[in-house]
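S.K.: What follows is a single structure, and I will ask about it in a moment.
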Amino acid sequence: MTAPSTFGLSTEARNLHWLLSNLVEEVPGVHSVTVVSSDGLMLLSSDPGLATAKAAGGQRGPRGSSADLATIVSGIGSLTVGAAKLMDGGGIKQTMVAMDEGSVFVMSISDGSLLGVHATPDCDMSVIAYHMALFVGRAGHVLTPELRSELRKSMESAQ
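All residue numbers for the sequence shown refer to UniProt numbering, where the first residue is 1 and numbers rise by one.
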């Protein structure tokens, strides 16, 4: 999978790509980030490890990539929504999974879309949650059905 080109995309789509790239580049401990639609399809991703592997001449498989992260985020999102319904807990705002070798954060954006972050085990969770909330605040109102369709087509053409 290659990263989608931002050439030919709308201003809103390019801005979302820029915001996502900044999240990975500027927040310490972040491995990769993805935005997933309500139907589980990856809309945006930023996977610096993939670019590094390709630049070194190697091909990194999907394991650990943003494609895997999108699948995990979609599953966690479905699981937590179901749990919230069973417990009459209302809407899900954020989910965090801490593991021995990393962490996964999932935050609701809008209309069922989700932002997912894969981070190092020693990351500052509050800093990551803060930057995720900033992204959601900036991206949530522009993630319209038309923009989701444009992003989906962009991801499909990159594969």
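Just so you know, even glycine gets a beta-carbon here, dropped at the ideal spot from N, CA and C.
Using three-state DSSP, classify residue 32 as helix, strand or coil.
M.R.: In the sequence shown, residue 32 corresponds to position 32, counting from 1. Strand at residue 32.
S.K.: Using a Cβ-Cβ cut-off of 9 Å, state whether residue 83 counts as contacting chain B.
M.R.: In the structure shown, chain B does not exist; there is a single protein chain.
S.K.: Would residue 27 and residue 118 be called neighbours here (beta carbons separated by less than 9 Å)?
M.R.: Numbered from 1 along the sequence shown, position 27 holds the residue referred to as residue 27. Numbered from 1 along the sequence shown, position 118 holds the residue referred to as residue 118. For residue 27 and residue 118, no; Cβs fall outside 9 Å.
S.K.: Just to confirm before moving on: does the CB-CB distance between residue 106 and residue 80 stay below 9 Å?
M.R.: Here residue 106 corresponds to residue number 106 of the sequence shown, with the count starting at 1. Here residue 80 corresponds to residue number 80 of the sequence shown, with the count starting at 1. A contact, by the Cβ cut-off of 9 Å.
S.K.: Determine whether the beta carbon atoms of residue 10 and residue 150 lie at a separation below 9 Å.
M.R.: Looking up residue 10 in the sequence shown gives position 10. Looking up residue 150 in the sequence shown gives position 150. Cβ atoms of residue 10 and residue 150: closer than 9 Å.
S.K.: Closer than 7 Å by C-beta to residue 44: which residues in its own chain qualify, once you throw out the five before and the five after it? Chain order, please.
M.R.: Translated into the one-based positions of the sequence shown, residue 44 becomes position 44. Same-chain partners within the cutoff: 16, 17, 20, 34, 35, 151.
S.K.: What are the boundary residues of the alpha helix (DSSP H) that includes residue 87?
M.R.: For the purposes of this step, residue 87 is identified with residue 87 of the sequence shown, where counting begins at 1. Taken as a continuous stretch (DSSP letters only), residue 87 belongs to no alpha helix (DSSP H), as it is neither H nor E.
S.K.: I believe residue 112 touches residue 38 by the beta-carbon criterion, under 8 Å. Please report the beta-carbon distance rounded to the nearest angstrom.
M.R.: Here residue 112 corresponds to residue number 112 of the sequence shown, with the count starting at 1. Here residue 38 corresponds to residue number 38 of the sequence shown, with the count starting at 1. The Cβ separation is near 3 Å, so the contact holds.
S.K.: I'd like the list of long-range same chain contacts for residue 95, defined as Cβ closer than 6 Å, with 5 residues on each side in sequence excluded.
M.R.: Residue 95 sits at position 95 when you count from the first residue of the sequence shown. Here the set comprises 76, 80, 106.
S.K.: How many Å lie between residue 139 and residue 22 at the Cα?
M.R.: Here residue 139 refers to the residue found at position 139 when the sequence shown is read from its first residue. Here residue 22 refers to the residue found at position 22 when the sequence shown is read from its first residue. Spanning the alpha carbons of residue 139 and residue 22 requires a straight line of approximately 13 Å.
S.K.: Comparing C-alpha positions only, which one of 148, 115, 124, 121 sits nearest to residue 134?
M.R.: Translated into the one-based positions of the sequence shown, residue 134 becomes position 134. Here the closest residue by C-alpha is 115.
S.K.: What residue from 89, 121, 129, 108 has the CA that sits closest to residue 99's CA?
M.R.: As a position in the sequence shown, residue 99 is number 99, starting the count at 1. Residue 121 is the option with its Cα nearest to residue 99.
S.K.: What did DSSP end up calling residue 97 once you bin it into helix, strand or coil?
M.R.: In the sequence shown, the residue the question calls residue 97 occupies position 97. In the three-state DSSP reduction, residue 97 falls in the strand class (E or B).
S.K.: Which residues in the same chain as residue 147 place their Cβ atom closer than 8 Å to its Cβ, once the five residues preceding and following it in sequence are excluded?
M.R.: The sequence position of residue 147 within the sequence shown is 147, counting from 1. Here the set comprises 10, 12, 13, 16.
S.K.: For the alpha helix (DSSP H) containing residue 46, list its first residue and its last residue.
M.R.: Here residue 46 corresponds to residue number 46 of the sequence shown, with the count starting at 1. Not the alpha helix (DSSP H): residue 46 falls in the beta strand (DSSP E), residues 42-46.
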